[in-house]
Amino acid sequence: MIEQRRADGSLRHLVTLEGLQRAEVEALLDRSRGYARRLGERPPATRTLAGVTIANLFTEPSTRTRVSFELAGRRLGAEVVNLEVQLSSRVKGESMLDTIFTLQALHFDVFVIRDAEPGVLSLVATEVAPGVSVLSAGEAHLSHPTQGLLDALTVRQYKGDIGALRIAIVGDIRHSRVARSAYQIFRLLEAREVRIVAPPALMPEPLEFAGCPRFETLEEGLEGVDVVMMLRVQKERLARTDVPDGDEYFARFGLTARRLARARPDAIVMHPQPMNRGVEIASEVADGPQSVIRSQVSNGVAVRMAVLETVAAGLAHGRGKA
Amino acid sequence: MIEQRRADGSLRHLVTLEGLQRAEVEALLDRSRGYARRLGERPPATRTLAGVTIANLFTEPSTRTRVSFELAGRRLGAEVVNLEVQLSSRVKGESMLDTIFTLQALHFDVFVIRDAEPGVLSLVATEVAPGVSVLSAGEAHLSHPTQGLLDALTVRQYKGDIGALRIAIVGDIRHSRVARSAYQIFRLLEAREVRIVAPPALMPEPLEFAGCPRFETLEEGLEGVDVVMMLRVQKERLARTDVPDGDEYFARFGLTARRLARARPDAIVMHPQPMNRGVEIASEVADGPQSVIRSQVSNGVAVRMAVLETVAAGLAHGRGKA
Amino acid sequence: MIEQRRADGSLRHLVTLEGLQRAEVEALLDRSRGYARRLGERPPATRTLAGVTIANLFTEPSTRTRVSFELAGRRLGAEVVNLEVQLSSRVKGESMLDTIFTLQALHFDVFVIRDAEPGVLSLVATEVAPGVSVLSAGEAHLSHPTQGLLDALTVRQYKGDIGALRIAIVGDIRHSRVARSAYQIFRLLEAREVRIVAPPALMPEPLEFAGCPRFETLEEGLEGVDVVMMLRVQKERLARTDVPDGDEYFARFGLTARRLARARPDAIVMHPQPMNRGVEIASEVADGPQSVIRSQVSNGVAVRMAVLETVAAGLAHGRGKA
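So the protein sequences, as listed, match chains A, B and C.
Heads up: the first sequence begins at 1 in this note's numbering, then just goes up one per residue.
Heads up: the second sequence begins at 323 in this note's numbering, then just goes up one per residue.
Heads up: the third sequence begins at 645 in this note's numbering, then just goes up one per residue.
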């Protein structure tokens with residue numbers, strides 16, 4: 001596990017939530033809350049990160065996560081540059097690092113990286129110069145720490161103290177970085193219970209998600225929970241399961257109003273998006289009164305502002321003196 | 323037809339020119355004139371839209387219309403984010419709206435959308451939250467309202483009172499959103515005459531372009547007009563006409579100096595670009611003294627500044643108080 | 645050769661270093677030095693170019709040169725818009741110029757253009773309006789003037805007076821715009837010697853690189869030099885040489901520590917990037933103490949800031965009065 005902190009203990013990278021202290025996560029959530037706005041409210045705008053340059057390194061041009069980080073940076077006054085870069089180290093680790101070192105020499109302060117290959121982010125975080133921070137925007141099936149933070153922020157907004165809550169994570173747990181980061185943050189915040197609910201083929205390995213009760217039907221898994229976290233099902237993965245078809249999956253694992261009724265009546269429903277309506281979730285639920293899916297999106301910008309500000313704070317100040 | 327105004331009567335969306343009052347269009351043109359600059363002059367720059375976030379939703383990365391809207395927004399102080407998004411509702415209307423609602427939750431104030439599918443823009447305009455505006459940057463063959471406005475602004479600049487003018491729209495009227503928006507605005511501004519000139523296969527349906535005299539030869543169609551609006555011919559559409567080839571089309575419908583001589587001697591020549599030189603227009607005309615094609619481009623930024631400012635005005639002020 | 649200066653003698657375009665006076669290049673290098681920063685230092689940020697709009701016209705979305713120009717412009721306060729445009733005049737010179745004239749009508753002040761086709765840049769520079777500047781970001785095999793400037797700046801930083809230095813340019817000289825611009829600037833700055841070192845198939849035509857001693861082995865070519873400028877070898881070009889394979893090329897022409905020992909002990913090693921490690925250069929050298937490759941990248945932004953400021957200076961001031 002890589003060291004994400006500076007010598008003075010401050011947060012420098014955010015590649016994973018693993019290894020963070022509860023107080024660090026609480027501080028990030030508190031700062032995020034200060035930036036959270038409801039739909040229709042004016043988004044916050046500061047100049048805290050004026051003079052800071054952020055590189056958005058994504059392999060696709062316009063994912064919502066890229067835009068969320070871009071807006072977070074720009075609303076803090078930073079310069080944000082989007083780059084479509086293939087960071088794969090499969091061909092040659094050194095040429096991937098050459099790309100990073102080149103960008104670093106252009107005086108970027110923060111690299112926001114989405115990468116499909118496990119380990120690339122940690123390698124980059126280990127190799128960059130002391131003044132540079134690395135933030136994950138999603139790493140393989142492993143980690144999506146800002147998604148974990150926005151999920152926790154959303155749960156807090158709607159349900160208050162996480163220590164009192166039963167949370168069900170539902171769907172393709174096996175391949176999901178969203179599930180892994182959610183598991184990490186809700187365990188750290190000492191949720192009363194974190195359950196995982198999936199058909200056998202989409203369950204994680206036995207040693208993963210330690211301490212989580214496992215359920216193979218939605219009906220049992222949702223019984224009495226306060227929070228239902230749905231995951232996106234990749235249709236191409238269904239072929240490898242015993243429910244190989246979208247319609248059939250929906251019939252057995254789709255979240256309908258009837259199934260949701262097993263949860264507590266004030267339970268909230270979450271989804272990281274994009275949704276496959278009619279596969280993992282029914283529209284009546286996605287658009288229903290218990291859905292907080294759009295709040296998750298708004299909270300994403302708030303969380304990314306908080307994270308950017310946290311890692312870049314030392315930076316901007318240190319530089320102010322230069 | 324969708325409602326484009328707020329309850330207080332102010333303009334909120336601009337998806338079509340249809341249904342606008344003459345006074346509304348006049349106000350937009352007056353405001354545009356304040357932003358219009360000649361080549362070599364300093365472009366205007368204000369901070370009127372500081373704090374406003376604009377999403378440019380185009381399916382291709384770099385059309386001139388995208389850049390025109392981007393510069394318009396940035397020269398007013400807004401944040402502009404470019405997104406390459408496929409908004410097609412063919413697969414599923416709901417997932418298209420999910421994309422829109424996600425972007426809305428990121429606190430975008432204005433969506434500028436170019437879309438090939440009729441109806442998507444109106445659907446989006448109907449569904450977005452009250453604080454959000456939708457502007458068309460071109461919709462199928464139906465509508466391109468900012469092009470209509472820039473065409474009207476250009477005609478006014480060069481020819482003065484539109485009520486005194488005979489205007490010929492020439493070429494592939496049938497498939498052209500530029501022609502439809504031009505027709506709407508020149509009728510609204512009570513041009514003396516709006517003619518359409520096209521080979522039979524490119525003529526619109528009989529009920530469209532009501533009140534426009536129709537001409538099937540350029541020689542007759544240009545007789546005595548003050549304004550010649552050429553359209554781009556899609557070469558792939560020629561195959562379906564009785565003039566299936568670019569050279570042949572030029573021989574029968576290309577605007578040459580000789581044919582232009584049928585128009586009034588002070589007639590102006592317009593084209594929305596990109597031009598097929600040697601197909602619908604000869605270079606001697608495109609680059610000749612009667613061409614105002616480059617002014618149209620400059621006026622495009624001015625018009626988009628005026629439209630952005632108009633729809634976002636309430637917004638920015640309402641928010642200032644938040 | 646095109647005229648790159650205005651009537652008052654000030655620099656308007658930078659399409660090539662050919663024809664520049666030594667004093668002009670010295671002035672650009674002096675100004676660049678003011679913008680150069682070491683890794684970890686705060687990059688400079690001014691508002692000198694506020695109100696200036698720069699178009700980055702590249703055929704690929706995210707080359708390092710594009711980002712270098714983008715950061716240079718933004719750190720001077722300019723608006724920078726990236727466009728993926730194919731400027732090829734192969735189909736039709738006029739339609740390429742139509743694209744340029746359209747952008748010009750949008751009130752761009754500077755076009756930064758990378759183009760694979762010789763002559764397009766000069767054509768554009770000749771045709772644009774008086775207030776518009778054209779900067780090369782790489783033209784075919786011919787010219788890459790800002791790379792030449794950053795190479796000279798880097799050599800000066802590390803080795804001082806260029807008049808005292810022996811410089812070896814090594815590799816695929818024949819197809820390299822980097823080599824041509826380096827040759828031009830080091831001749832202009834009166835380097836003691838500029839050598840070219842390449843296998844026969846990659847040597848330039850006999851009349852090019854006048855006055856440069858030619859060497860066909862690395863061992864001889866590096867003997868006693870102060871500066872080793874490596875070039876990128878396009879693997880697809882190796883097939884046409886007598887060393888058709890990457891490994892074989894490395895065996896005969898790769899820069900290893902042992903071969904570098906032929907140069908002066910304080911010689912520096914440069915490379916324009918991206919590197920083919922294990923083909924033209926060994927990692928022990930690329931990452932070794934004599935490598936100044938990352939400084940070249942940093943200096944690239946400084947040089948581009950200096951060039952942008954130089955060509956736009958008249959502009960911004962002239963406009964300030966408008």
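Glycine included, every Cβ here is placed at the ideal spot set by N, Cα and C.
These numbers come from a predicted model, not from an experiment.
Cβ-Cβ separation between Thr53/A and Val81/A: approximately 7 Å, consistent with a contact (criterion under 8 Å).
Within 8 Å of the CB of Val297/A, no CB atom of chain C is found; the nearest one sits about 26 Å away.
Along the region 379 to 400 of chain B, the positions whose C-beta sits under 7 Å from a C-beta of chain C are Pro383, Ser384, Arg386, Val389, Ser390, Glu392, Leu393, Arg396, read in chain order. Contact between the region 267 to 282 of chain A and the region 10 to 26 of chain A is absent: fewer than three C-beta pairs spanning the two stretches fall below 8 Å. In terms of Cβ geometry, Ile646/C and Ser766/C form a close pair [threshold 8 Å].
In the DSSP assignment, Arg364/B falls outside any beta strand (DSSP E) and carries neither an H nor an E. At a cut-off of 8 Å, the C-beta of Gly678/C has no neighbouring C-beta in chain B. Nearest CB-CB separation between Phe101/A and chain C: below the 8 Å threshold. Under DSSP, Ile590/B takes part in a beta bridge, and its partners are Val549/B. For Phe108/A, there is no enclosing alpha helix (DSSP H), as DSSP marks it with neither H nor E.
Listed along the chain, the chain B residues whose CB falls inside 7 Å of the CB of Arg294/A are Phe423, Ala427.
Within the DSSP secondary-structure output, Ala699/C pairs in a beta bridge with Val725/C, Phe755/C.
Of the residues Thr370/B, Thr338/B, Leu457/B, the one whose Cα lies closest to the Cα of Arg502/B is Thr338/B.
In the three-state scheme derived from DSSP, where H, G and I count as helix and E and B as strand, Ala137/A is classed as strand. Here the alpha carbons of Val623/B and Ile811/C stand approximately 50 Å from one another.
A straight line joining the alpha-carbon of Ala27/A with that of Arg37/A spans about 18 Å. CA-to-CA, the gap between Val923/C and Val822/C works out to about 18 Å. Of the candidates His463/B, Leu472/B, Thr476/B, Leu475/B, His463/B places its Cα closest to the Cα of Arg496/B. Between Asp494/B and Leu553/B a beta carbon distance of about 5 Å is seen, short of the 8 Å cut, so the two are scored as contacting. In this structure, DSSP gives Glu348/B a helical state, which the three-state scheme calls helix.
Taking the Cα of Gln326/B as reference, the smallest distance to any Cα among Val450/B, Leu475/B, Arg397/B is reached at Val450/B. By the Cβ neighbour-count rule, Gly395/B is buried, with 16 or more other Cβ atoms within 10 Å of its own. Listed along chain C, no residue sits closer than 8 Å to Leu544/B by beta-carbon distance, the nearest being about 23 Å off. Rounded to the nearest angstrom, the Cβ distance from Gly782/C to Thr703/C is 10 Å, too far for a contact under 8 Å. Proximity of chain C to Leu443/B at the Cβ level (cut-off 7 Å) is not reached, the minimal Cβ distance being about 24 Å. At least one beta carbon of chain B lies nearer than 8 Å to the beta carbon of Arg277/A. At a beta-carbon threshold of 9 Å, none of the residues of chain B lie near Ala257/A; the nearest stands roughly 16 Å away. Per DSSP, the continuous alpha helix (DSSP H) segment holding Ala823/C begins and ends at 821 to 832. Distance from Arg948/C to Phe713/C at the Cβ level is roughly 5 Å; contact confirmed, criterion being Cβ atoms closer than 8 Å. Identification of residues in the region 356 to 373 of chain B having a C-beta nearer than 7 Å to some C-beta of chain C yields Arg359, Leu361, Gly362, Glu363, Arg364, Pro365, Ala367, given in sequence order. For Gln273/A, the C-beta contacts it makes with chain B under 8 Å involve Asp420, Thr424, in order along the chain. The DSSP-derived three-state label of Glu219/A is helix.
According to the DSSP assignment, Ala812/C belongs to the beta strand (DSSP E) that extends over 810 to 814. Taking a beta-carbon distance threshold of 8 Å, Val132/A does not count as an interface residue toward chain B. Among the residues facing chain A, Val945/C is included, as its CB has a counterpart in that chain under 8 Å away. Where Glu392/B is concerned, the enclosing alpha helix (DSSP H) starts and stops at 386 to 397.
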